[in-house]
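Every number in this note's numbering is 194 more than the matching position in the sequence shown, counting from 1. Glycine included, C-beta positions come from ideal geometry on N, C-alpha and C. Source: prediction; values computed, not measured. To start, the structure itself, in structure tokens.
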Amino acid sequence: ASREELSQQVTALEASLAEGQGRIETLQAELADAVAQRDGIAAELATVQASGTEAVNALEASRDGLVQEVATLEEALAEGQGQVEALQADLAAVVAERDTLSADIEAERTSHAQALAAIQATAQAAESEATDLAARDQELSAALTDAQGRLAGNEARIAELTAGIADLEQRVAATAGERDALQSRLADAEGALVEATAQIEEKGAIETRLAETLALVDQARQQGSALEERELALTGDLEAATARIGELEAGLSMAEQSGSNLAGEVETLRGELGTAQEQRAALETELASVQDELASTRANVETLTAELETSRGELEAARVQLASTEGAVSEAEEQIGLYTAEIETLNRELQTKSEEARLLTARVEELTPPEIYEAVINFRFGADTVQEELTSGLGDLVASIDGQQVQKVTLTGYTDDRGAEQFNRDLSLKRAQDVADEMRRMGVTSNQWVVRGLGPENPVDTNDTPLGRFNNRRVEVLVEK
Numbered sequence: 195a196s197r198e199e200l201s202q203q204v205t206a207l208e209a210s211l212a213e214g215q216g217r218i219e220t221l222q223a224e225l226a227d228a229v230a231q232r233d234g235i236a237a238e239l240a241t242v243q244a245s246g247t248e249a250v251n252a253l254e255a256s257r258d259g260l261v262q263e264v265a266t267l268e269e270a271l272a273e274g275q276g277q278v279e280a281l282q283a284d285l286a287a288v289v290a291e292r293d294t295l296s297a298d299i300e301a302e303r304t305s306h307a308q309a310l311a312a313i314q315a316t317a318q319a320a321e322s323e324a325t326d327l328a329a330r331d332q333e334l335s336a337a338l339t340d341a342q343g344r345l346a347g348n349e350a351r352i353a354e355l356t357a358g359i360a361d362l363e364q365r366v367a368a369t370a371g372e373r374d375a376l377q378s379r380l381a382d383a384e385g386a387l388v389e390a391t392a393q394i395e396e397k398g399a400i401e402t403r404l405a406e407t408l409a410l411v412d413q414a415r416q417q418g419s420a421l422e423e424r425e426l427a428l429t430g431d432l433e434a435a436t437a438r439i440g441e442l443e444a445g446l447s448m449a450e451q452s453g454s455n456l457a458g459e460v461e462t463l464r465g466e467l468g469t470a471q472e473q474r475a476a477l478e479t480e481l482a483s484v485q486d487e488l489a490s491t492r493a494n495v496e497t498l499t500a501e502l503e504t505s506r507g508e509l510e511a512a513r514v515q516l517a518s519t520e521g522a523v524s525e526a527e528e529q530i531g532l533y534t535a536e537i538e539t540l541n542r543e544l545q546t547k548s549e550e551a552r553l554l555t556a557r558v559e560e561l562t563p564p565e566i567y568e569a570v571i572n573f574r575f576g577a578d579t580v581q582e583e584l585t586s587g588l589g590d591l592v593a594s595i596d597g598q599q600v601q602k603v604t605l606t607g608y609t610d611d612r613g614a615e616q617f618n619r620d621l622s623l624k625r626a627q628d629v630a631d632e633m634r635r636m637g638v639t640s641n642q643w644v645v646r647g648l649g650p651e652n653p654v655d656t657n658d659t660p661l662g663r664f665n666n667r668r669v670e671v672l673v674e675k
């Protein structure tokens with residue numbers, strides 16, 4: 195029941211970890227959008243930066259440093275998340291290996307029970323061998339008990355490591371929350387920067403509009419001065435023409451009184467008078483036009499003057515607002531400095547957590563025992579090839595491997611004590627090699643094959659009986675997965 199609960203906890207932990215990873219990916223996408231918006235704002239600030247405003251330059255430099263540190267933190271967090279996921283995968287493998295080891299121990303217990311039953315049946319016919327077989331059974335039982343004790347210890351340690359991993363994941367989640375908070379604060383600081391930039395641009399527009407209005411006022415005033423001069427000149431010309439007309443009229447009157455002798459002079463004076471009158475009329479018309487244009491120009495000057503006063507008021511208001519904004523920018527710079535320090539602290543914490551995860555992974559690997567598969571293949575007297583009816587144990591071993599690549603296969607051949615020792619050593623090596631070839635034909639692949647023959651060494655039974663000698667003629671197969 196404890197194993198099932200542990201498996202359920204591991205499954206729930208993996209689901210929570212996957213959900214957290216999805217959330218981190220979503221936040222990273224949102225951060226990418228925010229960075230893109232920030233880059234657009236930075237491009238718009240290029241014009242303002244060209245003006246050499248020292249406050250904006252300093253703010254942007256601080257912002258760039260903060261962006262780099264945020265990027266570094268994100269990379270470190272992604273690396274830590276990858277390590278946690280790898281550790282979780284290793285834990286799942288440990289749990290699977292533990293379950294497999296339990297099944298192997300149970301199978302070995304069943305096999306030992308069957309062997310004990312066979313030994314007990316043989317003991318009825320050979321009471322002298324019963325003592326040795328009972329001792330062998332006790333040794334196997336002690337080994338099984340020891341293996342079960344070590345397995346229980348490993349399971350307890352795995353539970354401790356699982357709890358440690360859960361705590362580490364909680365701290366990583368807390369770090370991600372702090373990072374999100376810092377990103378929110380950074381967005382606020384960048385918003386303040388955008389607002390300050392807009393206000394600076396608005397001030398520049400007002401100053402430009404004010405300069406244009408001043409230029410129009412100066413131009414209108416110059417036009418007014420020119421029109422006034424023209425009006426004075428026309429007035430002088432009109433007065434001169436009027437005086438000339440008076441003179442001509444007086445001369446004409448005198449000529450008419452002088453008689454007919456002056457008729458030609460009279461006509462001449464009348465012609466000059468008509469010309470002078472036409473000139474006066476033209477001057478009066480031009481003067482009226484100039485006066486109308488002068489009045490329009492004066493009205494335009496008054497309008498432009500009013501606009502100038504309005505622009506000056508707007509400029510003053512913009513200057514006041516800009517002063518307030520500069521204070522906000524200064525405060526934002528201080529906040530960015532604080533955020534930078536917090537990010538550095540989080541980066542150090544993340545490095546510490548990554549090291550903890552690495553140590554936990556190494557510890558789990560130390561506590562994970564290799565999967566061991568064993569089989570014994572017996573041989574008839576004088577045979578050096580595997581007999582099909584004696585390979586049931588080998589088939590079970592290959593089925594347990596299930597076609598997977600294994601790390602190491604060790605095959606050790608033995609014989610009974612009949613015959614010359616060197617002959618028996620060569621025979622035991624040939625038997626071990628034949629079993630190795632048979633395993634390859636059955637699809638077993640390994641990174642390392644160790645084949646050796648020890649002849650009559652290490653007997654497992656007496657050589658005084660046919661059954662004992664049969665048990666000693668064997669190839670022991672040890673597979674490390």
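Assigned with DSSP and collapsed to three states, LEU672 falls in strand.
Between THR579 and ARG667 a beta carbon distance of about 13 Å is seen, past the 8 Å cut, so the two are scored as non-contacting. The beta-bridge partner set that DSSP reports for ARG646 consists of THR606. Look at the beta carbons and you see the region 598 to 615 not touching the region 547 to 557: under three pairs across the two are nearer than 8 Å. Between the alpha carbons of GLN616 and ALA593 lies a gap of roughly 35 Å. Listed in chain order, the non-local C-beta contacts of ASP431 below 6 Å within the same chain comprise LEU477, local neighbours out to five positions each way being set aside. Take ALA470, set aside five residues on each side of it, and the residues of its chain with a beta-carbon closer than 8 Å to its own are ALA435, ARG438, ILE439 and LEU442, in chain order.
Counted as a single uninterrupted DSSP element, the beta strand (DSSP E) harbouring GLU568 occupies residues 566 to 572.
Note that the C-beta distance between VAL638 and ILE595 is below 9 Å. With a threshold of 16 other beta carbon atoms within 10 Å, LEU661 falls short and is exposed. Excluding residues up to 5 positions away in sequence, LEU591, SER594 and VAL673 lie with their Cβ nearer than 6 Å to the Cβ of TYR567 in the same chain. The secondary-structure analysis by DSSP pairs VAL600 across a beta bridge with SER640.
In the three-state reduction of the DSSP assignment, GLY613 falls in the coil class. At the C-beta level, LEU408 and LEU509 stay beyond 9 Å of one another. Taken through DSSP and simplified to helix, strand or coil, PHE664 comes out as helix. If you compare the alpha carbons of LEU211, ALA630 and LYS547 with that of LEU588, the shortest gap goes to ALA630. LEU488 sits close to GLU422, with the two beta carbons spaced by under 9 Å. The beta carbon of ASP611 sits closer than 6 Å to the beta carbons of PRO650 and ASN657 from its chain, once the five residues preceding and following it are set aside; these are given in chain order. Around the CB of MET448, fewer than 16 other CB atoms lie within 10 Å, so the residue is classed as exposed.
Relative to ALA511, the option among GLN202, THR205, VAL229 and GLU401 whose CA is nearest is GLU401. Secondary structure at ASP658: coil, using DSSP grouped into helix, strand and coil. By the Cβ neighbour-count rule, GLY647 is buried, with 16 or more other Cβ atoms within 10 Å of its own. Between VAL495 and ARG424 a beta carbon distance of about 17 Å is seen, past the 8 Å cut, so the two are scored as non-contacting.
Within the same chain, Cβ atoms closer than 6 Å to the Cβ of ASN665 are found at VAL654 and ASP655, the five residues on either side in sequence being excluded. Excluding the 5 residues flanking it on each side, GLU670 has same chain C-beta neighbours closer than 6 Å at VAL570 and THR606, in chain order. An exposed status is given to ARG634, since fewer than 16 other beta-carbon atoms sit within 10 Å of its beta-carbon.
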